[in-house]
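The structure appears right after this line, and notes come after that.
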Amino acid sequence: MTINWTGFAKKTPEERRELLQGLPLSDQSSAILQADQQLPLAIANQMAEHVLGRFSLPFSLVPDVLVDGQLYHLPFVTEEPSVVAAASFASKIIKRSGGFTTTIHQRQMIGQVILYDVSDLEQARQNILAQKEDLLDLANQAYPSIVKRGGGARDLEVKTYQDQANFLAVFVKVDTQEAMGANMVNTMMEALKFPLEQISQAKSLMAILSNYATESLVTAKCAIDLRFLSRDKKEARHLADKLVLASQFAKIDPYRASTHNKGIFNGIDAASLALGNDWRAIEAGGHAYASRHGSYQGLTTWTYCPEKEQVLGELTLPMPAASKGGSIGLNPSVQLAHDILGNPDAKTLAKLLVSIGLAQNFAALKALVSTGIQSGHMKLHAKSLALLAGAEEHETGPLVQALLQEQHMNLATAQKILTDLRNNG
Ligand code: HMG
């Protein structure tokens, strides 16, 4: 059954939940959704330490995100106004332009065992590589369940660092299947510490997963028709040029790049949080990737194609998304989020997350190079004030328009305008 999302923003949470009954949700998810069921305290107490209670944030939905020809409805958890509106706005335009196309380059996690005081770096490197297969076997023996599931340690590389401490790092690539795999990789790396100390005649410093997941790169692309930038063709072309300039400037100025990338992660973090994924790990990998050329740069690239009259967007990111493991099975809202998406696998989640990052960047840049960011914010703020003032649906439009003309937009002004509107008509 296809859902008609028209007017979704104007519905009440109850009406939106009712509409979602049109999705093929499990009975359990339907119950979680209808009851707005929260994380049980007993489970919260198992997930973290010194627990006092639970902490709530808005759980929202970005409908109709078209990725590789398939529609997804992406749950978002964010406290920041206009993030969901911007993602919905951009996803709608990108869907009408043909949607996102994505490429998964690889899907492996990297673990590191770091050794120091290595007296002969080259000899140690050769000795380790000579025992590569045995070391991979040892890693796999330390975590047999992932081998049974078809994953496991796949490859091993050695990097040496000629300096005071004579560091040597062993990089192990692990197929973690549906999990992000931090526990799995850490267990494997710790199992390799002692054998590596012996082989290299050195001391181990640490053994840990790397969040710079360069073996889990994903690219999302979109091609947006010029007409969606403005109805006026000349203005649309002008905005397209400014969008391209915005992407160029973010490549050369780290102050702008930081804000540019923050906008990308507005969407990726919100969806990762809803999906119970480790958004700190995803952010850390993304920011390291933004510095891969030696300076911190904007992560998206926007160009203009005059032949097709389209703006082309591209984003590549390390995306160690997970559909299993961590707190995913524990939190009812997270289970619901996966069910709303149709329980996709980890690779599909990774494609969705990178796509929504690109969408979020498009919305922010479009606003920045046209009306400015405050105009959208003020419009949303005016809507919230109108609702807070008690406006009925038919009163919201005129009240918002009137509020946007005011110098001081606050609840008292909204209430006064609403009273005047009611008295006059
Ligand atoms: P607009 O053109 O005024 O919106 O844009 P509209 O009222 O004409 O509605 C257009 C569509 O936007 C709607 O279609 C919705 O899809 C969506 P419809 O449903 O009407 O057919 N939309 C909404 N969806 C849900 N709830 C709403 C809502 N309103 C519109 N209340 C909009 C308004 C906010 C979308 C636009 O101005 C925008 O995209 N602005 C960017 C906002 C943004 O990026 N916010 C993030 C916080 S700022 C930041 O942290 C990042 C930044 O610093 C990054 C950077 O610098 O690069 C900006």
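Counting in UniProt numbering, the sequence shown runs from 1 upward without gaps. Positions of the beta carbon are idealized from the N, C-alpha and C atoms, including for glycine.
heavy atom of ligand 1 below 6 Å from residue i C-beta
{"i": "K242", "result": "no"}
{"i": "N266", "result": "yes"}
{"i": "G397", "result": "no"}
{"i": "G376", "result": "yes"}
{"i": "S145", "result": "no"}
{"i": "F89", "result": "yes"}
{"i": "S230", "result": "no"}
{"i": "K233", "result": "no"}
{"i": "I373", "result": "yes"}
{"i": "V83", "result": "yes"}
{"i": "K92", "result": "yes"}
{"i": "I379", "result": "According to the sequence displayed, residue 379 carries Lys and not Ile. Yes."}
{"i": "F274", "result": "In the sequence as displayed, the identity of residue 274 is Ala instead of Phe. Incorrect: A274 has no Cβ contact closer than 6 Å to ligand 1."}
{"i": "A350", "result": "no"}
{"i": "A44", "result": "no"}
{"i": "A363", "result": "yes"}
{"i": "A367", "result": "yes"}
{"i": "A9", "result": "yes"}
{"i": "A288", "result": "no"}
{"i": "A236", "result": "no"}
{"i": "A86", "result": "yes"}
Cβ-Cβ distance between residue i and residue j below 7 Å
{"i": "I128", "j": "I199", "result": "yes"}
{"i": "K173", "j": "E215", "result": "yes"}
{"i": "A321", "j": "L349", "result": "yes"}
{"i": "L209", "j": "A182", "result": "yes"}
{"i": "S26", "j": "I224", "result": "no"}
{"i": "A87", "j": "G357", "result": "no"}
{"i": "A90", "j": "A359", "result": "yes"}
{"i": "M206", "j": "I114", "result": "yes"}
{"i": "P75", "j": "W5", "result": "no"}
{"i": "Y212", "j": "A288", "result": "yes"}
{"i": "A220", "j": "S355", "result": "yes"}
{"i": "L239", "j": "V65", "result": "no"}
{"i": "Q38", "j": "R54", "result": "yes"}
{"i": "Y296", "j": "P254", "result": "yes"}
{"i": "G261", "j": "A290", "result": "For the record, residue 261 in the displayed sequence is Asn; it is not Gly. Yes, these two residues count as a Cβ contact at 7 Å."}
{"i": "V400", "j": "A386", "result": "yes"}
{"i": "L365", "j": "A257", "result": "no"}
{"i": "I104", "j": "V218", "result": "yes"}
{"i": "Y116", "j": "K203", "result": "yes"}
heavy atom of ligand 2 below 6 Å from residue i C-beta
{"i": "N261", "result": "Only ligand 1 can be found as ligands here, which leaves ligand 2 out of the picture."}
Candidates the options, of which the one nearest residue i by Cα
{"i": "H377", "options": "R17, Q106, V84 and L33", "result": "V84"}
{"i": "N331", "options": "I104, F171 and A274", "result": "A274"}
{"i": "Y161", "options": "D175, I356 and A124", "result": "A124"}
{"i": "Q131", "options": "V170, E314 and V77", "result": "V170"}
{"i": "A363", "options": "T6, I93, G151 and H73", "result": "I93"}
{"i": "S82", "options": "G263, L71 and K351", "result": "G263"}
{"i": "V244", "options": "L217, T371, G313 and M206", "result": "G313"}
{"i": "E157", "options": "A281, L168 and I373", "result": "L168"}
{"i": "E309", "options": "K233, S295, K10 and D269", "result": "K233"}
{"i": "F59", "options": "L421, Q335, N423 and N410", "result": "Q335"}
{"i": "L403", "options": "T219, E392, N424 and H381", "result": "H381"}
{"i": "F249", "options": "A220, W302 and E197", "result": "W302"}
{"i": "A191", "options": "T419, K366, L136 and Q407", "result": "L136"}
{"i": "D68", "options": "G53, T101, F55 and D36", "result": "T101"}
{"i": "Y143", "options": "M189, F194 and L387", "result": "M189"}
{"i": "G390", "options": "V118, P24, A284 and R422", "result": "R422"}
{"i": "residue 432", "options": "Q164, E283 and S30", "result": "Since the first and last residues shown for the chain are 1 and 425, residue 432 lies out of range."}
{"i": "L317", "options": "L299, E197 and Q405", "result": "L299"}
{"i": "A367", "options": "N277, T2, G326 and K242", "result": "K242"}
Extent of the continuous alpha helix (DSSP H) to which residue i belongs
{"i": "Y255", "result": "P254 to A274"}
{"i": "G376", "result": "I373 to L388"}
{"i": "S29", "result": "D27 to A35"}
{"i": "A363", "result": "A346 to V369"}
{"i": "P144", "result": "P144 to K148"}
{"i": "F89", "result": "V83 to R96"}
{"i": "T6", "result": "No alpha helix (DSSP H) holds T6; DSSP gives it neither H nor E."}
{"i": "Y161", "result": "No alpha helix (DSSP H) contains Y161, which is instead part of the beta strand (DSSP E) from G152 to Y161."}
{"i": "K193", "result": "A182 to S200"}
{"i": "A321", "result": "No alpha helix (DSSP H) contains A321, which DSSP labels as neither H nor E."}
{"i": "Y289", "result": "W279 to A290"}
{"i": "Y121", "result": "Sequence inspection shows Leu at residue 121; the Tyr mentioned does not correspond to that position. Looking at the DSSP string, the run of the alpha helix (DSSP H) that includes L121 is L121 to A130."}
{"i": "I328", "result": "Where I328 is concerned, there is no enclosing alpha helix (DSSP H), given that its DSSP letter is neither H nor E."}
Where the beta strand (DSSP E) through residue i begins and ends
{"i": "V77", "result": "Q70 to V77"}
{"i": "E314", "result": "Q310 to P318"}
{"i": "residue 436", "result": "Beyond the ends of the chain as shown, which are 1 and 425, falls residue 436; an answer cannot be given."}
{"i": "M109", "result": "M109 to Y116"}
{"i": "A414", "result": "Careful: A414 lies outside any beta strand (DSSP E), inside the alpha helix (DSSP H) at L411 to N424."}
{"i": "S60", "result": "F59 to V67"}
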